[in-house]
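A.B. asks: Protein chains in written order, with the numbering used here: chain A, 19 to 118; chain B, 2 to 420; chain C, 59 to 1055.
Built from N, CA and C at the ideal position, the CB exists for glycine as well.
Quick one: this structure, given as structure tokens, is what I'll be asking you about.
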Amino acid sequence: MLITCPYCGPRDLAEFSYQGDANRTRPDPASTDPEAWNAYVYDRANTAGDHREYWQHSGGCRVHLAVTRNTLTHEIKDVALARDGAVKKPSARRKTGAKA
Amino acid sequence: MAEYSFLSLLKNAWNGNRDWKPAWRKPDPRPAYDVVIIGGGGHGLSTAYYLAKEHGIANVAVLEKGYLGSGNIGRNTTMIRSNYLLPANQRFYEHSMKLWESLSHDLNYNVMFSQRGCLNLAHSPAQLDDFARRGNAMRHAGIDAELMSREQIRRFVPALDIDFGGRFPVVGGLIQRRAGTARHDAVAWGYARAADRRGVDIIENCEVTGFLRDADRIVGVATTRGEIRAGKVAVAVAGSTGRVMKLAGVDRLPIESHVLQAFVSEGIKPFMDTVVTFGAGHLYVTQSDKGGMVFGGDIDGYNTYAQRGNLPIVEDVMSEMCAMFPGLTRVRLLRSWGGIMDMSMDGSPIITTGPLPGMYLNCGWCYGGFKATPASGWCFAWTIARDEPHPINAPFALDRFHRGILIDEKGQGATPKLH
Amino acid sequence: MSAGRAPSGGRIDRARSIRFTFDGRSYSGHAGDTLASALLANGVSMVARSFKYHRPRGVLSAGVDEPSALVTVLRGKVREPNVPATQIEIFDGLVTESQNRFPSLDFDFGAMNSLAGDLFSAGFYYKTFMGPVIGPLRGTRFWMFCEWFIRRAAGLGRAGHERDPARYERMNAFCDVLVVGSGPAGLAAAKAAAVGGKRVILAEQEPVLGGSAKWSGETIDGIEAAEWASAREAELAGMPDVRLLPRTAVWGYYDGNTLAALERVNDHKADAAPGEPRHRHWTIRAGAVVLATGAFERPLVFPGNDVPGVMLAGAAERYAVEYGVLPGRRIVLFTNNDSTYRAAAALRRAGAAIAAIIDARREISAGARQLAQEAGGELLTGHAVVATSGRKALSGISVQRYDAASEVLSGEPRQIEADCLAVSGGWSPAIHLASQAGQAPQWDERLQAFLPPKPTQNWIGAGAFDGAFTTRETIAEGTAAGATAAGARASRAKPPEVEAPELDAAPAPIFEIKAKGKAFVDLQHDVTAEDVRLAHREGFVSVEHLKRYTTLGMATDQGKTSNVPGLAIMADAAGKSIPEVGTTRFRPPFSSVPLGALAAERHGDLKPERLTPMHDWHVENGARMYTAGLWLRPQIYGLPGETVEQAYVRETRTVRDGVGIVDVSTLGKIAVQGPDAAEFLDRVYTNLFSTLPVNKARYGLMLREEGIAFDDGTTWRLAEHEFLMTTTTANAGKVMQHLEYYLDTVWPELRVHVASVTDQWAGAALSGPKSREVLAACMKGTAVGDDALPFMGIVHGEIADVPVTVCRLSFSGELAYEIYCGAGHGIHVWEALMEAGEPFGIVPYGLEALGTMRIEKGHVTGAEIDGRTTARDLHLDWMLSKRKPFIGSAMMDREGLVAPDRIQLVGVVSLDNRALNGGAHIVEELDPENPRGSVGHVTAACYSPVLGKYIGLALVKGGKARHGTRAHVSDPLRKRFGPVEIVSHHFFDPEGSRMHG
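And the structure:
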């Protein structure tokens, strides 16, 4: 499997660490809703087909990538920097605990 | 159908082996059963067998989408052990071990359970203490375990490089002597034949395409061979759990599907007489009766439903093999294959009623499914028959994740690739 | 007479004689011979014994598909079992031996298995050996007793225990086009791709390029095919971007057009050139792949088809043409297709007598008929071989009239004398790599063969692989495939003229001649046609069941010659078509690969060693080194005659009374920098770091998201926006990844950068009541008194002219300092500290003393933070800030994590004055005979010099409530039982007055 790192180019699977399902959203940290937290931590869609997931280029630039990959064929459909896909709320930057 | 024995073998050999009958029938599905079990692998078949044997429920169909035993029952490295640390696992796997010990007689089928021992190598005093903790936990639960010294290990496994080239000298090990290996396919076939003899219908090439519902309740399945109604529907499809449960509208489970590669070398004369695991990496090795070295390591470590892996793991595993057994560098890898594991969030399985009314779920076996085959079926049959778990499988509930009552043998948390 | 060298012919070098041994006997061959051709040339027909019945086996094929002729190659004491003789190039001094026989190949006790005949039918072992239900052999014992014998009878060659001195190498390659196979199709493809200027790799598993051109005897563009191939090879070798890889088998087709190949670099040489690896494991990433892997001939199945002397017709042809070897002097050929006639003519030309050509078909093509005439001998169409004679070497055959449509044999069997029977049942394209990379193959009715599936990766097929069996088609396909793979337009150059007999590529659908006697399908595993039918009778019909039940196709050759005949026999028994029975999915490797080659450079060097900057000093100063993950760390610095315990007790006492120094460079160190660094740390640690002043450090605890303790360590605030985080040695990588994950995926808005600096800083901890004096003595110009450097304070300064950062923190519980400097200066600073400490009696101390002092202090490490314990279990709940959420805060109060019966950290004191063991369990009632009732376990233990007792830390159910009570250690594994008192885990100086002093 080859993953094309936006910084480093196409690199072998061996350079990457799988960092799991990227379809989950971390609940508001101030929230104590157990269902939301449990779902975030434990429950997975485990899709058979196109799956959005995180890979870290741990043997390279160490950036996390959001990869769309088919779990039936291993074909990689899309690679983006994880940061670009993560939700940004810059206004809340300095306020403790206000981030999702 | 005739009993298998040396006598029947002789008699049939005399007749040119013309009188053997099919090991199990190939019935067409009937319109309805008391219980329909989805999944004709080891766990589904053993569940059917124990439903008939222990609970008198023989109006049972086992549905298999491909050929019987096409999943992980025929793809594992055949190791059987109950050398667990945590009490829930100890009770469950030791129950399984006891069933294994009489399984060939029970099924009238030689599953070739060879109690040749399973030796975990320790490479530092701290690791040996950790093994002692586990071994002592086993002994306090009535399970056999012994520590072996470096010298004992040297004599027990002469082919082993006791120093791993000087890099990871073995300081000792933990052995469970009752552990060992069995012939994986024989387990599937033995359960299939024994269940069939008790009246269970085993239906191959019958893929489930949907679930039949009556309001909230699951009342049967739609299949490529027609609709089949059932009082109870049991799902035992580890490796395909996500896909099958989605058909029932269960979109999320505490499971990820990963591929585990397994390897076998060309056959060689007896090279070692036990199962050995490497403690400073991840490698487990045995030798089949045919002579092939059978071994595996880590899962590839990414979500997949494709039954094939990639090269990095192949290279890791071979490196560790050569470090463990320097005499094997010129022995050749014959075959590699992949099986899809239900990797759960704490590394332990799920055997439960639900999650929908009329449904029962058995999944999440991670690496451990083969050795669990008898107890998994035994407990699942109980759970299906009585609509409640047996105390042995009660801890393996689906809600344990949310409640924080985890059975995390490796202490890795909700990172499935690390279990 | 039997097989032997033809007076002339072949591409061997007759001028060069080579001596080799087989089973201790010396033979001679020529350069260019394989072991198989050389043994045949010496008239050796039996070279092996089969797996189950130990029947005599000869050479069936001339290539990688060989199921029978397996031998062991010896290089000194290093053994390489199960090598096909067809794959061994002989060299002077080659030593080989036969295998799976006792005491000798000629007389083998194992052959008695044959007498059991029908008793040892497919799957017999599933039906017996279950043993008695009662008595000493009950349970699994009887089986294990039988298994002992079965295992010894099974297996093939023997592996040794010797370390392999050979070197193995890994190579990564990138190319635009990879061509697999160098027959006419592959050569044409490589050229077509290369003329477009693309980077091309051409891999050929055999030593010489050319494939069928080497023995076809055809003429291409007016020259002999073999010469044409040599010319193409020379042409390719001269092109700058073409790499030719002979002796290189491409065995795996992985994701992303990644292919794995094995190059056998010097197996054919007596001695390795300096630095030369034995094998090279290639990982080739190809833009496009041309699969031109050809086809395997398959035998016909008939009684007695396993006798040495029965050989594939194409192989017989190859031995004659390529090696100048006659596989027999008087040869019969038996076939269902035209290709055999070319072999017959070639064998005749090489000097063999053709006794007969037996064709199961009634009608044959004109081209075949003409070749039959050239070959001479009787042509018996509509006939079949029904038996063979001879045990260790073929002496003759029986033939009967045969009707293919009805499968009826008629007429009296006729005997024909022969020493070689060349058979052909048609050809199976070598679609293995395509099958690995994609879907199920497609059955072709005309060719009676599986053709490759539709590609799911970027490959193009050419030649016999694709079902093209004439050289003309093959070259055209190869040219087109090469051009397409290179992204070029197909060449308009005139295709070469090929002169070849006009033959029909389609065989008759005949796979088995049903007559009396054992007819073998899998020659290595002794699977007979009757075994296949037995499998059918017992319901093992699907191809996978067939394989698994009978072991058909599971041998070292992976069924290259036996899969299709086996399937055909099953299809016939089941009354189905071949594709209905199923197609087998090929898995890597295509041909077996030595484990050492795959280990490559990691053979003999499994994992890197991590050494601290002061490593050499430790070793020079008598440290016993200890493996901790990848690190090597000093365990003790023992004096002559000291036990480990004596050493660590002495080291500990010196620290507690004076001063000691320990290397802490292995601690994970992470630079956390940026305007939001403090906010970030507040989120990842359970306690607050935003309130930490500059130049102060704080002990921090991290949880996993689930609320379980993850890691601990101190983090130092070096500036407003700059922190240095330390982690435990074991978790350094995991913590780093944890931080990066949250920054990249959860909190990308935080302006924080993290960098691992573990290897950039050397660290030493200076501990003991005299540590301040030592520090003051060497850290000139920097105040280190209690005011300037209070507990958890940080100063910067110099030691021996090297800049250092010093933090006053303590793991030992003594007054202590951690001193960091650039890794390159580590040993310099360490020596300066040692020198400054000398007047104070400083000693270096190792992990044992470090562990002893931490146990005395009740500090936790990985033995307690084991991935299952919570902060509360470890009495660290005081660190759980209520002023902010942090990773793990939302989930740490779930019912399972606050249950009253959870284990808790306690101290235990041995009451029988004997050592405690880590891993011992704690029980209330002692019962050494029948251990039970564990309430917890000892996580770490030591002799405490300050207490004068053996103590330990333990995790015990309801721990705190048990303080002051008695319990027992129960350690049946090490037979250590005895009373303990459960106490607080703070054994020593619980107020911390010593480290604050």
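For chain B, find out if any of its Cβ atoms is closer than 8 Å to the Cβ of R741 of chain C; answer yes or no.
C.D. replies: One-based indexing of the third sequence puts residue 741 of chain C at position 683. False, the Cβ-Cβ gap to chain B never drops below 8 Å.
A.B. asks: Which partner residues of W485 of chain C appear in the DSSP bridge assignment?
C.D. replies: As a working note, residue 485 of chain C is residue 427 in the third sequence. Paired residues: C:E355.
A.B. asks: At which residue ranges does the region 423 to 454 of chain C contain complete beta strand (DSSP E) runs of 3 or more residues, listed in the order of the chain?
C.D. replies: Qualifying beta strand (DSSP E) stretches, in chain order: 436 to 439 and 441 to 447.
A.B. asks: Give me the Cβ distance between S115 of chain B and M202 of chain C, rounded to the nearest whole Å; I'm assuming they're in contact under 8 Å.
C.D. replies: Position 114 of the second sequence, counted from the first residue, corresponds to residue 115 of chain B. Position 144 of the third sequence, counted from the first residue, corresponds to residue 202 of chain C. Right, their Cβ atoms sit about 6 Å apart.
A.B. asks: With distances taken Cα to Cα, identify the nearest neighbour of A281 of chain B among B:S6, B:S337, B:K66 and B:G298.
C.D. replies: One-based indexing of the second sequence puts residue 281 of chain B at position 280. Checking every option, the nearest Cα to that of A281 of chain B belongs to B:G298.
A.B. asks: Straight-line CA distance for F212 of chain B to V234 of chain B?
C.D. replies: One-based indexing of the second sequence puts residue 212 of chain B at position 211. One-based indexing of the second sequence puts residue 234 of chain B at position 233. Taking the straight line joining both Cα atoms gives about 9 Å.
A.B. asks: Spatial neighbours of P666 of chain C within its chain, please: C-beta separation below 8 Å, excluding the five flanking residues on both sides.
C.D. replies: Stepping through the third sequence from its first residue, residue 666 of chain C is reached at position 608. Contacts found: L688.
A.B. asks: What is the DSSP secondary structure of F212 of chain B, counted as helix, strand or coil?
C.D. replies: Residue 212 of chain B sits at position 211 when you count from the first residue of the second sequence. DSSP places F212 of chain B in strand when its eight states are reduced to three.
A.B. asks: What is the C-beta distance between T744 of chain C and L761 of chain C, in whole angstroms, given that I count them as a contact (C-beta under 8 Å)?
C.D. replies: By one-based count along the third sequence, residue 744 of chain C stands at place 686. By one-based count along the third sequence, residue 761 of chain C stands at place 703. Indeed they touch by this definition, with Cβ atoms about 6 Å apart.
A.B. asks: Hey, is Y60 of chain A's beta-carbon within less than 8 Å of any beta-carbon in chain B?
C.D. replies: In the first sequence, counting from the first residue as 1, residue 60 of chain A sits at position 42. Interface residue, yes.
A.B. asks: Have a look at the DSSP bridge pairing and note the partners of P652 of chain C.
C.D. replies: Indexing the third sequence from 1 puts residue 652 of chain C at position 594. Its beta-bridge partners are B:R333.
A.B. asks: Is there contact between the region 366 to 384 of chain B and the region 91 to 103 of chain B, where contact requires at least three CB pairs shorter than 8 Å?
C.D. replies: Touching, yes, given that three or more Cβ pairs across the two stretches are closer than 8 Å.
A.B. asks: Report the three-state DSSP secondary structure of H676 of chain C (helix, strand or coil).
C.D. replies: The residue labelled residue 676 of chain C in the question sits at position 618 within the third sequence. The answer is helix: DSSP assigns H676 of chain C an H, G or I state.
A.B. asks: So, for A894 of chain C: in the same chain, excluding its five sequence neighbours on each side, which residues have a beta-carbon less than 6 Å away from its beta-carbon?
C.D. replies: In the third sequence, counting from the first residue as 1, residue 894 of chain C sits at position 836. Around A894 of chain C: V832, A835 and C836.
A.B. asks: Would P871 of chain C pass as a contact of D1047 of chain C if the rule is Cβ separation under 8 Å?
C.D. replies: Indexing the third sequence from 1 puts residue 871 of chain C at position 813. Indexing the third sequence from 1 puts residue 1047 of chain C at position 989. A small correction: the amino acid at residue 871 of chain C is Gly; Pro does not occupy that position in the sequence shown. Contact: yes.
A.B. asks: Would you tell me roughly how many angstroms separate the C-alpha atoms of T86 of chain A and R44 of chain A, rounded to the nearest one?
C.D. replies: Here residue 86 of chain A corresponds to residue number 68 of the first sequence, with the count starting at 1. Here residue 44 of chain A corresponds to residue number 26 of the first sequence, with the count starting at 1. For T86 of chain A and R44 of chain A, the distance between alpha carbons rounds to 20 Å.
A.B. asks: Under a CB-based cut-off of 8 Å, is M202 of chain C close to chain B?
C.D. replies: Within the third sequence, residue 202 of chain C is the residue found at index 144, counting from 1. Taking Cβ atoms only, chain B reaches closer than 8 Å to M202 of chain C, which makes this a yes.
A.B. asks: So that I know if they touch, is there some Cβ in chain C lying closer than 8 Å to that of R44 of chain A?
C.D. replies: Position 26 of the first sequence, counting from 1, holds the residue named residue 44 of chain A. By this cut-off, R44 of chain A is an interface position.
A.B. asks: Please state if the CB of I204 of chain B and the CB of R193 of chain B are separated by a distance shorter than 8 Å.
C.D. replies: On the second sequence, residue 193 of chain B is found 192 positions in, with the first residue counted as 1. On the second sequence, residue 204 of chain B is found 203 positions in, with the first residue counted as 1. Residue identity differs from the one stated: residue 193 of chain B is Ala in this sequence, not Arg. It is not a contact, given that the beta carbons lie outside the stated cut-off.
A.B. asks: In chain A, which residues lie with their C-beta within 8 Å of the C-beta of I144 of chain B?
C.D. replies: Your numbering for residue 144 of chain B matches position 143 in the second sequence. Near I144 of chain B there are no residues of chain A at all, since even the closest Cβ is about 30 Å away, more than 8 Å.
A.B. asks: Taking Cβ to Cβ, would you say A243 of chain C is nearer than 8 Å to A613 of chain C?
C.D. replies: As a first step, residue 243 of chain C must be located in the third sequence, where it is residue number 185. As a first step, residue 613 of chain C must be located in the third sequence, where it is residue number 555. No.
A.B. asks: Can you tell me whether K256 of chain C is buried or exposed? The criterion is at least 16 other CB atoms within 10 Å of its CB, across all chains shown.
C.D. replies: Locating residue 256 of chain C in the third sequence gives position 198, where the first residue counts as 1. Flag for K256 of chain C reads buried.
A.B. asks: Mind reading off the beta-carbon distance from E291 of chain C to A283 of chain C? Whole number of angstroms is fine, and I expect it under 8 Å.
C.D. replies: Taking the first residue of the third sequence as position 1, residue 291 of chain C is located at position 233. Taking the first residue of the third sequence as position 1, residue 283 of chain C is located at position 225. Actually they are not in contact, since the Cβ atoms of E291 of chain C and A283 of chain C sit about 13 Å apart, beyond 8 Å.
A.B. asks: When the Cα of G991 of chain C is compared with those of B:D162, B:G143, B:F132 and B:A3, which residue comes out closest?
C.D. replies: In the third sequence, the residue the question calls residue 991 of chain C occupies position 933. When only C-alpha atoms are compared, the closest one is B:G143.
A.B. asks: In whole angstroms, what is the alpha-carbon distance linking A846 of chain C and V860 of chain C?
C.D. replies: As a working mapping, residue 846 of chain C is identified with position 788 in the third sequence. As a working mapping, residue 860 of chain C is identified with position 802 in the third sequence. For A846 of chain C and V860 of chain C, the distance between alpha carbons rounds to 20 Å.
A.B. asks: Which word fits G1058 of chain C, buried or exposed, when buried means at least 16 other C-beta atoms lie within 10 angstroms of its C-beta?
C.D. replies: Here chain C covers residues 59 to 1055 and nothing more, so residue 1058 of chain C does not appear.
A.B. asks: Would you say W55 of chain A reaches chain C, if we count a Cβ-Cβ gap shorter than 8 Å as a contact?
C.D. replies: Indexing the first sequence from 1 puts residue 55 of chain A at position 37. Yes, W55 of chain A counts as interfacial toward chain C.
A.B. asks: Excluding the 5 residues flanking A813 of chain C on each side, which residues of the same chain have their C-beta closer than 6 Å to its C-beta?
C.D. replies: If you number the third sequence from 1, residue 813 of chain C lands on position 755. Only A729 meet the Cβ criterion.
A.B. asks: What three-state label does DSSP hand Q506 of chain C in the structure shown?
C.D. replies: As a first step, residue 506 of chain C is located in the third sequence; it is residue number 448 there, counting from the start. If DSSP states are grouped into helix, strand and coil, Q506 of chain C belongs with coil.
A.B. asks: Tell me whether F898 of chain C sits in a helix, a strand or coil according to DSSP, three-state version.
C.D. replies: Here residue 898 of chain C corresponds to residue number 840 of the third sequence, with the count starting at 1. Note: F898 of chain C maps to helix in three-state DSSP.
A.B. asks: With a CB to CB cut of under 6 Å and the five nearest residues on each side skipped, what residues in its chain are close to H603 of chain C?
C.D. replies: Sequence index remark: in the third sequence, residue 603 of chain C carries index 545 (1-based). Around H603 of chain C: no qualifying Cβ.
A.B. asks: Taking 7 Å as the limit between beta carbons, can you name the residues of its chain near H66 of chain A, skipping five residues before and five after?
C.D. replies: The residue labelled residue 66 of chain A in the question sits at position 48 within the first sequence. This sequence places Ala at residue 66 of chain A; His is not what is there. Excluding positions up to five away in sequence, the list reads T89 and L90.
A.B. asks: Verify whether the separation of the beta carbon atoms of D415 of chain C and A403 of chain C is less than 8 Å.
C.D. replies: One-based indexing of the third sequence puts residue 415 of chain C at position 357. One-based indexing of the third sequence puts residue 403 of chain C at position 345. Sequence inspection shows Ile at residue 415 of chain C; the Asp mentioned does not correspond to that position. No; because the gap between Cβ atoms is not below 8 Å, this pair is not in contact.
A.B. asks: Using a Cβ cut-off of 7 Å, pull out every chain B residue sitting near I857 of chain C, in sequence order please.
C.D. replies: As a working note, residue 857 of chain C is residue 799 in the third sequence. Near I857 of chain C there are no residues of chain B at all, since even the closest Cβ is about 32 Å away, more than 7 Å.
A.B. asks: With DSSP run on the structure shown, which of helix, strand or coil describes Q262 of chain B?
C.D. replies: By one-based count along the second sequence, residue 262 of chain B stands at place 261. Three-state DSSP puts Q262 of chain B in a strand.
A.B. asks: Any Cβ of chain B within less than 8 Å of the Cβ of E71 of chain A?
C.D. replies: Against the first sequence, residue 71 of chain A aligns to sequence position 53. By this cut-off, E71 of chain A is an interface position.
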